[in-house]
């Protein structure tokens, strides 16, 4: 009976660490392979993501649909988020507003339409993998493991920006930025279990950045530093809130009378 129960468990439940490693390696392999193809074919800078993330998105949609796991990894109605919890999403709006202050480049209908598709694709794939699959696999071990590991892997994945010729200072800033964003989104996932707001934020965040004015990049450092400071404070606030919430739940459970 015990052996039958073990066989029925999914691979991710039996080998959570190995499952996370495999997911991350497959994603990195797909991105770097697509990057190699794009380099050989001399395609533009968006091609590696399109070549790798489009099939990944299709596989994710098929897998989540056939296994009926959409709700399990956080794709739930926004109405499941209590009204009193909506205040914890306000700093995300501050972050979006700050990066929008950097300005925008010349916009055309075709450019906007393309980057809407492009950034929505990236947001769906990355949130589904990091705050959906990886987060939930590791949550069975501990909340700390789920938040930190998913955020670190999310940050490491963004090291592929090094291939675009940026200097080490810019790359380090991006990795710290991605790590803080990852921790914030993971904590929000831990708090409310809804991935939809995270996908929307990721989508709008990337859309603003891709439509931004590249000519003003040299003057954006103060904005970046301000956003990082906001994110650090945001992480502290969310961590305190999550710990308080979990302590309240634990205290409530222990105070309940045991029915015999």
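Residue numbers (our numbering): 394 to 653.
Note that CB positions come from ideal geometry on N, CA and C, so glycine has one too.
- Following the DSSP letters along the chain, one finds residue 575 inside the alpha helix (DSSP H) bounded by residues 561-585.
- According to the DSSP assignment, residue 428 belongs to the alpha helix (DSSP H) that extends over 409-434.
- With a cutoff of 8 Å on beta-carbon distance, residue 538 and residue 531 are scored as near each other.
- Residue 528 sits in a helix when the DSSP states are folded into three classes.
- In this structure the region 478-494 touches the region 565-585; the number of beta carbon pairs closer than 8 Å is three or more.
- Short of 6 Å from the beta carbon of residue 427, and not among the five residues preceding or following it, lie these beta carbons of its own chain, in chain order: 441, 444 and 445.
- Contact check for residue 548 against residue 516 fails: the beta carbons are separated by 8 Å or more.
- Residue 473 and residue 430 have their C-alpha atoms some 43 Å from each other.
- Going by beta carbons, residue 635 and residue 491 fall outside the 8 Å limit.
- Of all alpha-carbon atoms in 594, 509, 574 and 602, the one lying nearest the alpha-carbon of residue 622 is that of 574.
- Looking at the DSSP output, residue 497 sits in a beta bridge with 605.
- A direct Cα-Cα distance of roughly 10 Å separates residue 511 from residue 603.
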